[in-house]
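Chemist: The structure under discussion is supplied below as structure tokens; questions concerning it will follow.
Number of protein chains: 2
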Amino acid sequence: PGLTIGDTIPNLEVNTTHGKFKIHDLVGDGWAIIFSHPGDFTPVCTTELAKMAQYLEEFEKRGVKLLGLSCDDLQSHTEWIKDIEAFTGSGCKVRYPIVADPNREIIKQLNMVDPDEKDSNGNSLPSRALHIVGPDKKVKLSFLYPASTGRNMDEVLRAVESLLKAAKHKVATPCNWKPGDPVVISPGVSNEKAKEMFPHGFETVNLPSKKDYLRFTNV
Amino acid sequence: PGLTIGDTIPNLEVNTTHGKFKIHDLVGDGWAIIFSHPGDFTPVCTTELAKMAQYLEEFEKRGVKLLGLSCDDLQSHTEWIKDIEAFTGSGCKVRYPIVADPNREIIKQLNMVDPDEKDSNGNSLPSRALHIVGPDKKVKLSFLYPASTGRNMDEVLRAVESLLKAAKHKVATPCNWKPGDPVVISPGVSNEKAKEMFPHGFETVNLPSKKDYLRFTNV
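Going down the list, the sequences are from chains A and B.
Per my numbering, the first sequence starts with residue 334, numbered consecutively.
Per my numbering, the second sequence starts with residue 334, numbered consecutively.
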């Protein structure tokens, strides 16, 4: 398990429900979310891939591609997608590609192996790993969940909003931030510079240390 | 960067604002959340550690200990805690320990290094890494966020609730699950067994594959 934040995602060729391509070509000049699931035709995974189908438009609007992945083969994915689409209950289609990795080559390289789970043949299974990859092809944020805990795609969307905000302005988002909430100005920006960059102003929190590092603004 | 889910957390001796102890002793027979922050007296970190101070009781109620960590020294932590407590604005105290790791020994072993961030001396800085450790001292779930994105402690609490639920019953929690929502029955549990285990019943979703793997119940 090597891949972590700051690392470049390996430019692997993947075999998917939308054909073969290289991961970097999918990312392109935008962003991508690569997420694994333990197995097709299993309960939590069905709810997760259905939610991602429903949220695809929200991610696309923000320039973010989705890529699913498990160790099942393409035929299994194709059959299972019918179940996922039925479960969404809204005529919503799975319009993002899903990688087939029956030889477990990709899950090893992308730090997506769950050492606690094996299939009936004793083969490795993926965890619920999710990497958000930036235009520089580097992993910006990773979630690693076990089989028993379905992810929270609202948190994934929140994280994307934060990453886009930070990439555009010299700001960061505070704990439990939601889009529309105030953001904080990065420590590297001096007060003089901040006045130029945020002409509508910012509010510095008065702290016992008398240091002026906690500055809120809106962007 | 090695530590990932399924791995045993190294039993390191840590120097903290509550004295020296070994990580496994903190976990004990319960659970622990070990979370790093890039630096004391910085904006996002202050909002995060304040939120953890406010949520401590919620975690304690569930048998979960908290342990903060950065590469600043103990004197810095002690001074900074005054700022954090002032920021909570509610008289709330930082009652959990914070590790001092000025030699960067611990962040390396716990996969908490952010390769994109350096301090003014060129030293490594921690990412916003957060590991949830179970009673078996293994990492159950990991969040790795960059410096610019403050974490969502509601998602951390949700994940803890899911892990506790799954540890107690043969269930898993679906995508975007919240406490009180229905859970799904694990694939390894047969329908016969499920009838015994969940005497109040369960609902099987009718899917195109005609496979009966998506079974919701309440526990």
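All C-beta atoms, glycine included, are put in the ideal place defined by N, C-alpha and C.
What you are looking at is a predicted structure, and each value in this text was computed from that prediction instead of being measured.
1. Since S457 of chain B sits in a beta bridge, which residues does DSSP pair it with?
2. Taking the alpha carbon of V522 of chain B as the point to measure from, which residue in B:S542, B:G396, B:L547 and B:W510 has its own alpha carbon closest?
3. Between L359 of chain A and chain B, is the shortest Cβ-Cβ distance under 8 Å, so that the two count as touching?
4. For K471 of chain A and P371 of chain B, I'd like the C-alpha separation in whole angstroms.
5. Run through chain B and tell me which residues come within less than 8 Å of C508 of chain A, C-beta to C-beta.
6. Which residues in chain B sit within 9 Å of K415 of chain A, going by Cβ to Cβ distance?
7. Output, in sequence order along the chain, the residues in the segment 423 to 449 of chain B whose CB is closer than 9 Å to any CB in chain A.
8. The alpha helix (DSSP H) that contains L540 of chain A, what's its start and end?
9. Between the beta-carbon of V377 of chain A and the beta-carbon of G483 of chain A, is there less than 8 Å?
10. Answer with yes or no whether the minimum CB distance from I338 of chain A to chain B is below 8 Å.
11. Could you name the residues of the same chain whose beta carbon sits closer than 6 Å to that of Y388 of chain B, not counting the 5 residues immediately before and after it, in chain order?
12. Is it buried or exposed, G401 of chain B, if we count other Cβ atoms within 10 angstroms and call 16 or more buried?
13. Going along the chain, which residues of the segment 383 to 403 of chain A sit with their C-beta nearer than 9 Å to a C-beta in chain B?
14. Is K451 of chain B close to chain A? Criterion is C-beta to C-beta, closer than 8 Å.
15. Could you have a look at A480 of chain A and say whether DSSP puts it in helix, strand or coil?
16. Report the three-state DSSP secondary structure of I431 of chain A (helix, strand or coil).
17. In chain order, what residues of the same chain have a beta carbon less than 8 Å from the beta carbon of V516 of chain B, not counting five sequence neighbours either side?
18. Quick check on R548 of chain B: does DSSP put it in helix, strand or coil?
19. Determine whether the beta carbon atoms of D362 of chain B and W413 of chain B lie at a separation below 8 Å.
20. At 7 Å on the CB atoms, spell out the chain B contacts of F476 of chain A, in chain order.
21. Since E529 of chain A meets chain B, which of its residues come closer than 7 Å, beta carbon to beta carbon?
22. For the beta strand (DSSP E) containing K384 of chain B, name the first residue and the last one.
23. How big is the Cα-Cα spacing for T341 of chain A and P468 of chain A?
24. Hey, could you find the ends of the alpha helix (DSSP H) N524 of chain A is sitting in?
25. Can you round the beta-carbon distance between D449 of chain A and G339 of chain B to whole angstroms, since I take them to be within the 8 Å contact cut?
26. Thinking C-alpha only, which one of A:K544, A:N524 and A:V538 is nearest P532 of chain A?
27. Should N444 of chain B go down as buried or exposed, given a rule of 16 or more other Cβ atoms within 10 Å for buried?
28. Take P343 of chain B and list the residues in its own chain whose beta-carbon comes closer than 6 Å to its own, dropping the five residues that flank it on each side.
29. Starting from V552 of chain A, find everything on chain B with Cβ-Cβ shorter than 7 Å and list it in chain order.
30. Using a Cβ-Cβ distance cut-off of 8 Å, determine whether A365 of chain A contacts chain B.
31. Compute the beta-carbon to beta-carbon distance between I367 of chain B and V493 of chain B, rounded to the nearest angstrom, for a pair I have assumed lies under 8 Å.
32. V517 of chain A versus chain B: which residues are under 7 Å apart at the beta carbon?
33. If I measure Cβ to Cβ from S409 of chain B and keep anything under 7 Å in the same chain, skipping five residues before and after, which residues do I get?
34. For a cutoff of 8 Å on Cβ pairs, would you count L497 of chain A as touching chain B?
35. Going by DSSP, what residues sit across from T349 of chain B in a beta bridge?
36. Within 10 angstroms of its Cβ, does P479 of chain B collect 16 or more other Cβ (buried), or is it exposed?
Modeler: Let me spell this out:
1. B:K451
2. When each option's Cα is compared against that of V522 of chain B, the closest is B:L547.
3. no
4. If you take the alpha carbons of K471 of chain A and P371 of chain B, they lie about 19 Å apart.
5. Neighbours of C508 of chain A in chain B, taken as residues at a C-beta separation under 8 Å, are given in chain order as V377, T380, E381, A383, K384, G483, R484, N485 and M486.
6. Within chain B, the residues near K415 of chain A are L540, P541 and S542.
7. Residues passing the 9 Å Cβ filter: N444, V446, D447, P448 and D449.
8. Neither: L540 of chain A is in no alpha helix (DSSP H) and is coded neither H nor E.
9. yes
10. yes
11. M486
12. buried
13. A383, K384 and M385
14. Output row for K451 of chain B: interface = no.
15. coil
16. strand
17. K498, H502, V504, A505, T506, P507, W510, F549, T550, N551 and V552
18. strand
19. no
20. Within chain B, the residues near F476 of chain A are F476.
21. By Cβ distance, chain B contributes nothing, its closest Cβ being about 19 Å from E529 of chain A, past 7 Å.
22. Careful: K384 of chain B lies outside any beta strand (DSSP E), inside the alpha helix (DSSP H) at P376 to K394.
23. 11 Å
24. For N524 of chain A, the uninterrupted alpha helix (DSSP H) segment begins and ends at N524 to M530.
25. Confirmed, about 5 Å.
26. Per the Cα distances, A:N524.
27. buried
28. Excluding residues within five positions, the ones whose Cβ falls inside 6 Å are Q442.
29. Here the premise fails: no neighbours, minimum Cβ distance about 13 Å.
30. no
31. Going by Cβ atoms, the distance from I367 of chain B to V493 of chain B rounds to 13 Å, so no, they are not a contact pair.
32. P376 and V377
33. So the list reads D373, once near-sequence residues are dropped.
34. no
35. In the DSSP output, where bridge partners are listed per residue, T349 of chain B has B:G352 and B:V432.
36. Buried, because 16 or more other Cβ atoms sit within 10 Å of the Cβ of P479 of chain B.
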